[in-house]
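In what follows, a single structure is set out as structure tokens and then discussed.
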């Protein structure tokens, strides 16, 4: 069954009727017939027509020509059929209980509501709002008993390949990908793009190029003549870029470590925006960034983003904010062999300030290069992440450093707890999430031969303990990243991870393997990401691959028996059942944590503290935010019009949405002779417009008028070319009308 797809905004509200065939009519909500407009009142309710109804039995006249219910009750002029009884017609078609809402409203929690600000996801809205994806505007989030929710059933994970990119005639030698894939709408067409670094080899000084792929198809978006494909546009093979509007001009930029040293920024069209300089803006800055990840954040709240690599900070024009940054390129690294994965956070503890700091494993650095705190004399550097682990309002810093995991006070850097990582390796960048739905965050990290999840106990003597561990294979770097997503919507997050041989999904509560697919990598810091990569409001995961180091079967010995093979490129998987919960359409940098970027790619001038908001208190986690379980509730009423008699009766199915989420056009409506869908199928139509909460559409079907009863069903069994909607209530999808016929006209 295909999950509801939301792909477009509805610009104009109101009642729109269906024209299913050339002999069908379009009717107003009160039953008016455009062919009889002269007899209609200003409310859209018809005056007396030529038809003959059945009130009290055959031969009686029905001035409204609207018959309702199992006995064919004649409704009064200005009425329509609602739940099998005559009720005052709702001229706008937006019914909210007994109230008819004005045009432009929706119905939520039995109240007429005016939609709010434009949005692309719920993080664009206020804390008590969600982003309605059919409308792309913010609406109040229904709470408690007034909510209409659908939580997908727990099914075996069944990812299906949606598209792949494995090479190109443009710079064909560069087809290896060993960096985190990034996703964002770069060109403003509402559909995301995927940005990757493609390289010829994994040598730190090797040749690599950025590529921009269409998120719907994997097709390359840049032509062969862009500057990004020239020698001047080459980037570092082992570093992960970042995406965002860094200069506040409304356009997206891509910032990457440059081949041979320094930093380079590109416009979304592939042209070069700048190369890094020292603070004077003239002298080139060519610091070496091997295996570094780029982060974007507005450190001084001026509407223009700073660019962070390790302990180095550049402004939005590529200038060092202070030459003191020179020599800090590897701050935030786990050891000398691999580059930095530093983060940015507001950790000074003052609610009155919005200053952010670059945070490594043992330093918090201000924009000018000075320190908020520096514990480098007492603890080693490492890969950081930040969240409020114990939910006391004060954040903790989690650091993976040289085969250990530790928790530090984020305001001072003081170590609170430390534990050796199970497995053999250095340890990769951590994720922070609730893996078992107990309301407490856990810590996760890969480490060479193990993937581990840890519990943190903040009691009087804080301590760390292993929640679970599972065997992996990463004998190369041992510093791979991972990301987190709650596929099933049950409150327990799953881990998505790629080692040297397989992309894997682990169940968060116990580490059992839910899915794996052969996907080779020499491994640096890369990780799969969970996004709505094609803009269809279904979640996909994007994983990269490379095979230069997999020529020997000894690298992945299980491949041969399973018929698997090493591969390279970019691969996108979606749920074959379309039941994974929805998520955002972007993942803009390695240190992604939701509040760091708006849905349009804007870097917030004042970033909300991610760890102070319940739905954001995690790290490297993909989430939709409010409204992820909101669902539609399709309902149908059936009335019969005698305006076409004596030749035909007109069956009018009023399809309405009584839920908390819109549905697109294309919902199936089936008409039957009889009192249920076991009767003879008369006809099948599709709705023609999106239905927001409270909104309705009339779908019509002409019948000869020889049956005593009729039944209509909305969104029944799936058939080709129709939509199938996941609803909060499936018990109101049918309606019947009886006691009706077209008697002879005297």
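Numbering (the working numbering), first residue to last: 197 to 942. Note that CB positions come from ideal geometry on N, CA and C, so glycine has one too.
Judging by CA-CA distance, which residue of 694, 413, 908 is the nearest neighbour of residue 387?
Your numbering for residue 387 matches position 191 in the chain shown. Selected option, being the one with the closest Cα: 413.
May I ask you to report which of helix, strand or coil DSSP gives residue 318?
Counting from 1 along the chain shown, the entry for residue 318 is found at position 122. DSSP places residue 318 in helix when its eight states are reduced to three.
Distance check for residue 534 and residue 557, CA to CA, integer angstroms please.
The residue you call residue 557 lines up with position 361 of the chain shown. The residue you call residue 534 lines up with position 338 of the chain shown. Those two C-alpha atoms are separated by around 14 Å.
Between residue 734 and the rest of its own chain, which residues show a CB-CB distance below 8 Å, the 5 nearest in sequence each way excluded?
On the chain shown, residue 734 is found 538 positions in, with the first residue counted as 1. 199, 201, 728, 770, 771, 774, 776, 778.
Can you tell me where the alpha helix (DSSP H) with residue 410 in it begins and where it stops?
Here the question's residue 410 lines up with position 214 in the chain shown. Element bounds for residue 410: not the alpha helix (DSSP H) but the beta strand (DSSP E), 404-410.
One or two residues paired with residue 769 in a DSSP bridge:
Start at 1 with the first residue of the chain shown, and residue 769 comes out as number 573. For residue 769, which the question treats as bridged, DSSP gives the partners 357, 737.
Residue 930 - DSSP class collapsed to helix/strand/coil:
For the purposes of this step, residue 930 is taken as residue 734 along the chain shown, with counting starting at 1. Residue state, collapsed to three classes: strand.
N- and C-terminal bounds of the alpha helix (DSSP H) containing residue 653:
As a working mapping, residue 653 is identified with position 457 in the chain shown. Taken as a continuous stretch (DSSP letters only), residue 653 belongs to no alpha helix (DSSP H), being part of the beta strand (DSSP E) at 646-653.
For residue 533, which three-state DSSP category applies?
Reading the chain shown from its first residue, position 337 is the one you call residue 533. It is coil, neither helix nor strand.
Out of 487, 378, 649, 426, which has the shortest C-alpha to C-alpha gap to residue 399?
The count along the chain shown starts at 1 and reaches residue 399 at position 203. With distances taken between Cα atoms, residue 399 lies closest to 487.
Excluding five sequence neighbours on each side, which residues of the same chain lie with their C-beta closer than 7 Å to the C-beta of residue 307?
Stepping through the chain shown from its first residue, residue 307 is reached at position 111. Contacts found: 292.
I'd like to check one pair, residue 439 with residue 431: are the Cβ atoms closer than 9 Å?
The count along the chain shown starts at 1 and reaches residue 431 at position 235. The count along the chain shown starts at 1 and reaches residue 439 at position 243. Contact flag unset, no.
Could you say which of 334, 742, 912 lies nearest to residue 394 if we only look at CA atoms?
Taking the first residue of the chain shown as position 1, residue 394 is located at position 198. Cα-wise, what sits closest to residue 394 is 742.
Alpha carbon to alpha carbon, what distance is there between residue 271 and residue 887?
In the chain shown, residue 887 corresponds to position 691, counting from 1. In the chain shown, residue 271 corresponds to position 75, counting from 1. Taking the straight line from one Cα to the other gives about 26 Å.
Kindly indicate which residue of 595, 646, 570 has the alpha-carbon position closest to the one of residue 582.
Numbered from 1 along the chain shown, position 386 holds the residue referred to as residue 582. Of the listed residues, the one whose Cα sits closest to residue 582 is 595.
Once the 5 residues before and after residue 425 are set aside, which same chain residues still bring their CB inside 8 Å of it?
Start at 1 with the first residue of the chain shown, and residue 425 comes out as number 229. Around residue 425: 366, 367, 405, 418, 466.
Segments of 3+ residues assigned as beta strand (DSSP E) that fall wholly inside the region 573-623
579-583, 592-597, 600-605, 611-616
Helix, strand or coil: which one does DSSP assign to residue 745?
Sequence index remark: in the chain shown, residue 745 carries index 549 (1-based). Coil, per DSSP.
Beta bridge counterpart(s) of residue 295 as assigned by DSSP
What you label residue 295 is simply residue 99 of the chain shown in a count that begins at 1. Paired residue(s): 292.
In DSSP terms, what residue 665 is bridged to
Counted from its first residue, the chain shown places residue 665 at position 469. Looking at the DSSP assignment, residue 665 forms a beta bridge with 648.
Please classify residue 877 as buried or exposed, where buried requires at least 16 neighbouring CB atoms within 10 angstroms.
Counted from its first residue, the chain shown places residue 877 at position 681. Per the 10 Å Cβ criterion, exposed.
Can you tell me whether residue 812 is helix, strand or coil according to DSSP?
Your numbering for residue 812 matches position 616 in the chain shown. Of the three classes helix, strand and coil, the one that applies to residue 812 here is helix, per DSSP.
Taking its Cβ as the centre, do 16 or more other Cβ atoms sit within 10 Å of residue 376, making it buried, or is it exposed?
Along the chain shown, one-based indexing puts residue 376 at 180. Buried: at least 16 other Cβ atoms inside 10 Å.
Exposed or buried, residue 546, counting other C-beta atoms within 10 Å across all chains shown (16 or more means buried)?
Position 350 of the chain shown holds residue 546. Exposed, by the Cβ-count rule.
Beta-carbon proximity of residue 933 to residue 268, cut-off 9 Å
Residue numbering aside, residue 933 sits at position 737 when the chain shown is read from its first letter. Residue numbering aside, residue 268 sits at position 72 when the chain shown is read from its first letter. Contact flag set, yes.
Please state whether DSSP places residue 429 in a helix, a strand or coil.
In the chain shown, counting from the first residue as 1, residue 429 sits at position 233. Reduced to three states, the DSSP call for residue 429 is helix.
In the DSSP assignment, find the alpha helix (DSSP H) that holds residue 400 and state where it starts and stops.
For the purposes of this step, residue 400 is identified with residue 204 of the chain shown, where counting begins at 1. No alpha helix (DSSP H) holds residue 400; DSSP gives it neither H nor E.
Helix, strand or coil: which one does DSSP assign to residue 938?
By 1-based counting over the chain shown, the position of residue 938 is 742. Residue state, collapsed to three classes: coil.
Same chain, Cβ closer than 7 Å to residue 564, neighbours up to 5 away in sequence not counted:
As a working note, residue 564 is residue 368 in the chain shown. Here the set comprises 517, 518.
Taking the beta strand (DSSP E) that residue 906 falls in, what are its first and last residues?
Here residue 906 refers to the residue found at position 710 when the chain shown is read from its first residue. 905-910 is the extent of the beta strand (DSSP E) around residue 906.
DSSP three-state assignment for residue 806, whether helix, strand or coil:
Counting from 1 along the chain shown, the entry for residue 806 is found at position 610. Residue 806: helix per DSSP, three-state reduction.
Beta-bridge pairing of residue 482 - partner residues as DSSP gives them:
As a position in the chain shown, residue 482 is number 286, starting the count at 1. Paired residue(s): none; residue 482 is not in a bridge.
Applying the criterion that 16 or more other CB atoms from any shown protein chain within 10 Å of the CB defines a buried residue, is residue 555 buried or exposed?
Position 359 of the chain shown, counted from the start, is the residue given in the question as residue 555. With 16 or more Cβ atoms within 10 Å of its Cβ, residue 555 is classed as buried.
Note the first and the last residue of the continuous alpha helix (DSSP H) segment covering residue 266.
Against the chain shown, residue 266 aligns to sequence position 70. Premise fails: residue 266 is in no alpha helix (DSSP H) and is neither H nor E.
Best match in 361, 592, 804 for proximity to residue 740 [C-alpha to C-alpha]
As a working note, residue 740 is residue 544 in the chain shown. Out of 361, 592, 804, 361 has the C-alpha closest to the C-alpha of residue 740.
Does the beta carbon of residue 769 fall short of 8 Å from some heavy atom of the ligand NAD?
For the structure depicted, the ligand NAD is absent and the ligand set is empty, with no information on it obtainable.
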